[in-house]
Amino acid sequence: IDDLAEVDYSLNSLPAVFQPFVDLDLKGIVYPAGNYTGPPYVAAPFTIPDQSDSMLYLAFSEYFFQTSSFAYYTARAFNITIAEETCSYFNISTEIFGSIIPEVAKYSVTPYPVMLKLMATEIPIISLEQDSFTVEIQGSMEVFAVLPDSTTQSLFTMNVAANTSIALNIFDQKLMGSLCLNR
Numbered sequence: 002i003d004d005l006a007e008v009d010y011s012l013n014s015l016p017a018v019f020q021p022f023v024d025l026d027l028k029g030i031v032y033p034a035g036n037y038t039g040p041p042y043v044a045a046p047f048t049i050p051d052q053s054d055s056m057l058y059l060a061f062s063e064y065f066f067q068t069s070s071f072a073y074y075t076a077r078a079f080n081i082t083i084a085e086e087t088c089s090y091f092n093i094s095t096e097i098f099g100s101i102i103p104e105v106a107k108y109s110v111t112p113y114p115v116m117l118k119l120m121a122t123e124i125p126i127i128s129l130e131q132d133s134f135t136v137e138i139q140g141s142m143e144v145f146a147v148l149p150d151s152t153t154q155s156l157f158t159m160n161v162a163a164n165t166s167i168a169l170n171i172f173d174q175k176l177m178g179s180l181c182l183n184r
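Encoded structure:
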C-alpha cells in the first residue's frame, strides 16, 4: 500500500467459474510493513447480495479495515505533530490557550507560538453499519510552547476520545461522504 503498510490477498477457496461470471473469494489482510504477525482480529464471514447488472463487484469487510487500522497504529501513523508554522497560520498561540486554561496564562505571560503532538493511545476501532462507516479513536494531545530559542516547553496534555461516522452515498457516479462527530 505504502511504506507503512502492506496488503496480503489470498484465496479462501478455489475460484468458482460459471458461464456468466467468475467468483473469487479473497481474504485481504493489511500488515505493518515488514511485520507479518497476525492482527488481533478474527475475520467474520459475510455475503454479497446477488446482483448481476455490473461487470465487477467489490466488497470490503470490517476485518479489512480493522487490520488496516492495526497496521497503521503499529507503524505509528496516527502520531502527528502539528508544527509551529501551521498553528501560527491558524493564529493558535499560548494566548489562545491561556484564555481557556488559566494555568497556561499564569505560566506564559508572553504569547508564544505552539506546537501540537497528537497520538492515538489505542488501536482505532472501525465498524461498518448499513450506509455508514464508524471510527472510534482514543488519543492524547500534548501542547508545547515554542520558545524564542526554538526549544519547547510542555504546557499541558489532554486525553481525547472521538467517535465519528461517515455516511456514504453515490451521487452523480461519485462516492460522497458526510462526516458526523458523534461525541
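Numbering (the numbering used here), first residue to last: 2 to 184.
Glycine included, C-beta positions come from ideal geometry on N, C-alpha and C.
Please check the pair residue i and residue j, which I expect to be a contact at CB under 8 Å, by giving their CB distance rounded to whole angstroms.
i	j	result
Asn-160	Ser-133	With 8 Å as the limit, Asn-160 and Ser-133 do not qualify as a contact, their Cβ atoms being about 26 Å apart.
Asn-170	Asn-183	Between Asn-183 and Asn-170 the Cβ distance is about 18 Å, and since that is not below 8 Å, they are no contact.
Ala-78	Tyr-64	The pair is not a contact, with the Cβ atoms about 19 Å apart (cut-off 8 Å).
Take the Cβ of residue i as the centre, count every other Cβ of all protein chains shown within 10 Å, and call the residue buried at 16 or more, exposed below.
i	result
Met-116	buried
Leu-25	exposed
Phe-66	buried
Glu-85	buried
Ser-155	exposed
Val-18	exposed
Phe-22	exposed
Thr-82	exposed
Val-43	exposed
Ala-168	exposed
Phe-71	buried
Pro-41	exposed
By Cβ distance below 6 Å, which residues in the same chain neighbour residue i in space, the five residues on each side in sequence not counted?
i	result
Thr-135	Ser-128 and Ser-166
Val-8	Ile-2, Gly-29 and Val-31
Val-110	none
Tyr-37	none
Please work out which residues of its chain come closer than 7 Å, Cβ to Cβ, to residue i, disregarding the five sequence neighbours upstream and downstream, and give them in chain order.
i	result
Ser-89	Pro-114
Sort the options by Cα distance to residue i and report the nearest one.
i	options	result
Leu-148	Thr-95, Cys-181 and Tyr-64	Thr-95
Glu-104	Phe-157, Thr-48, Leu-180 and Ser-14	Phe-157
Tyr-73	Ile-138, Ile-171 and Tyr-10	Ile-138
Ser-53	Gln-20, Phe-79 and Glu-143	Gln-20
Tyr-108	Thr-87, Ile-124 and Ala-146	Ala-146
Pro-125	Leu-180, Asp-173, Thr-68 and Phe-172	Thr-68
Lys-118	Thr-87, Gly-99, Gln-131 and Ile-102	Thr-87
Ile-102	Asn-92, Val-144 and Glu-130	Val-144
Ala-162	Leu-176, Gln-131, Lys-175 and Met-120	Met-120
Leaving out five residues on either side along the sequence, give the residues of the same chain with a beta carbon under 8 Å from the beta carbon of residue i.
i	result
Ala-76	Leu-5, Ala-6, Pro-33 and Ala-34
Met-177	Leu-169, Asn-170 and Ile-171
According to DSSP, what are the bridge partners of residue i?
i	result
Ile-83	Leu-117
Lys-175	Phe-172
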